[in-house]
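Residues -22 to -1, 1 to 215 (mature numbering (1 follows the signal peptide of the UniProt record, and there is no 0)) make up the sequence shown, in order.
Where a beta carbon is used, it is the ideal one built from N, C-alpha and C, also for glycine.
Here's the structure, in structure tokens; my notes come after.
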Amino acid sequence: MIIKVILLISFLAVGIIPAAVGATPIDALATTLAPDFSLDADLSIGGCSLNKVSPPLNYTSPKLDGPSPGLSLKYVALGRGTQNYTCSKAASNVVPTSIGAVATLFDASCLAACRPDILNAMPAVLVQIPDDAAAAAGDVSGILLADHYFADNSTPTFDFRPYGHPDWIQAKRLQGVPAPANSIPGSVPWLKLGYKAGSGIKEVYRVFTAGGNPPANCENQTSTLEVDYAAQYWFYG
């Protein structure tokens, strides 16, 4: 079943979001897209053609380079998870060290093809949703697309195989630019990643990030930190 946008957001907002989260994600999305916000009741989230879709690279300065010649867009996803860090000690003169990230990726091809305005607003909404709740909603709706994790502290991995696709990639960083000034404070950079190992995928973009950056230092922090984040991911092969 391909769930409708309005049903997915309503399910997340009403069915599984704890009251402590505050304003519901659907309220946040409506505010983000106001005054011309609308949701098409017939708009699906996943399973659409990406033949005429291009990555949204014009929002940063400088911009990330475009996809390499000969590559085709294979997947567009929304990711929800955590950026992970360690602190060697709880001190103001120690900065957190990145140890990678873990996220669940959801098929967002129809949003990319038909409503990029909604797609671009969704990371700021998803970051408000507990990542286990988002994963549960994606499982129910049938839009789980891939798992994101790090094979080591410096090798981002995206694995589509658990969800019926043959593709996977271990990637390396090619470029990074700061998130736009109007992003949620503390949003991780936008990235272009290249191929290190895998099958079917050669380049990955992380754009429209929300959250994920660690505190400035380790004062009053625990030895491990998990910082919520969400983002769009674009995959070329």
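(request) Mark Lys180 as exposed unless 16 or more other C-beta atoms lie within 10 angstroms of its C-beta, in which case mark it buried. (result) By the neighbour-count criterion, in which a residue is buried when 16 or more other Cβ atoms sit within 10 angstroms of its Cβ, Lys180 is buried.
(message) If you follow the beta strand (DSSP E) that Ile77 is in, where does it begin and where does it stop?
(response) Judged by DSSP secondary structure, Ile77 falls within the beta strand (DSSP E) whose first and last residues are Thr75 to Asp85.
(message) Taking 8 Å as the threshold (C-beta atoms), are Pro163 and Pro156 in contact?
(response) No, the Cβ-Cβ distance between Pro156 and Pro163 is not below 8 Å.
(message) Between the alpha carbons of Leu203 and Pro108, how many angstroms are there, rounded?
(response) Whole-angstrom Cα-Cα distance: 16 Å.
(request) In angstroms with no decimal places, state the Cα-to-Cα distance between Asn29 and Leu97. (result) For Asn29 and Leu97, the distance between alpha carbons rounds to 17 Å.
(message) For the alpha helix (DSSP H) containing Val54, name the first residue and the last one.
(response) From DSSP, Val54 is part of no alpha helix (DSSP H) but of the beta strand (DSSP E) over Leu51 to Thr64.
(message) Could you pull the DSSP bridge partners for Asp137 from this structure?
(response) Asp137 is bridged to Asp125 and Trp146.
(message) Taking the straight line between their C-alpha atoms, what separation do you get for Asn195 and Ser165?
(response) C-alpha of Asn195 to C-alpha of Ser165: approximately 16 Å in a straight line.
(request) Return yes when the Cβ of Gln199 is within less than 8 Å of the Cβ of Ala68, no when it is not. (result) Yes.
(message) DSSP three-state label for Ala194, please.
(response) In the structure shown, the three-state DSSP call for Ala194 is coil.
(request) Throw me the rounded Cβ distance for the Pro158 and Pro74 pair, which I believe falls under 8 Å. (result) With 8 Å as the limit, Pro158 and Pro74 do not qualify as a contact, their Cβ atoms being about 23 Å apart.
(request) State the Cα-Cα distance for the pair residue 216 and Asn62, rounded to the nearest angstrom. (result) Residue 216 lies beyond the residue range present for the chain, which begins at -22 and ends at 215; the question has no answer from this structure.
(message) Going by C-alpha to C-alpha distance, which of Gly59, Trp146 and Ala55 sits closest to Leu122?
(response) Out of Gly59, Trp146 and Ala55, the CA that lies nearest to the CA of Leu122 is found in Ala55.
(message) Judging by CA-CA distance, which residue of Val72, Gly142 and Ala149 is the nearest neighbour of His126?
(response) Put simply, of Val72, Gly142 and Ala149 the residue whose alpha carbon is nearest the alpha carbon of His126 is Ala149.
(request) Assign Tyr214 to buried or exposed, taking buried as 16 or more other Cβ atoms, counted over all protein chains shown, within 10 Å of its Cβ. (result) Burial is judged here by how many other beta carbons sit within 10 angstroms of a residue's own beta carbon; Tyr214 has at least 16 and is buried.
(request) Spatial neighbours of Ala188 within its chain, please: CB distance less than 8 Å, with the 5 preceding and 5 following residues excluded, ordered by chain position. (result) If the five residues before and after Ala188 are omitted, its C-beta is found closer than 8 Å to the C-beta atoms of Pro101, Ala102, Leu104, Val105, Ser161, Ile162, Ser165, Tyr207, Ala208 and Ala209, all from its own chain and listed in chain order.
(message) Quick check on this structure: which residue in His143, Gly172 and Cys65 has the alpha carbon closest to the alpha carbon of Leu49?
(response) Selected option, being the one with the closest Cα: Gly172.
(request) Would you give the residue range spanned by the beta strand (DSSP E) that Leu203 belongs to? (result) Judged by DSSP secondary structure, Leu203 falls within the beta strand (DSSP E) whose first and last residues are Thr202 to Tyr214.
(message) Using only CA atoms, which one of Val182, Pro140, Asp95 and Phe128 lies nearest to residue 218?
(response) Outside the shown range of the chain, which is -22 to 215, sits residue 218, and nothing can be said about it.
(message) Just to confirm my understanding: we take Tyr53, look at its own chain, exclude 5 residues before and 5 after, and list those with CB closer than 6 Å. What are they?
(response) Closer than 6 Å at the Cβ level, and outside the excluded window around Tyr53, lie Phe213.
(request) Classify Val182 as helix, strand or coil using the three-state DSSP reduction. (result) It is a strand residue.
(message) According to DSSP, simplified to helix, strand and coil, what is Leu169?
(response) Per DSSP, reduced to three states, the secondary structure at Leu169 is strand.
(request) Check Leu97 in the structure and name its three-state DSSP category. (result) If DSSP states are grouped into helix, strand and coil, Leu97 belongs with the helices.
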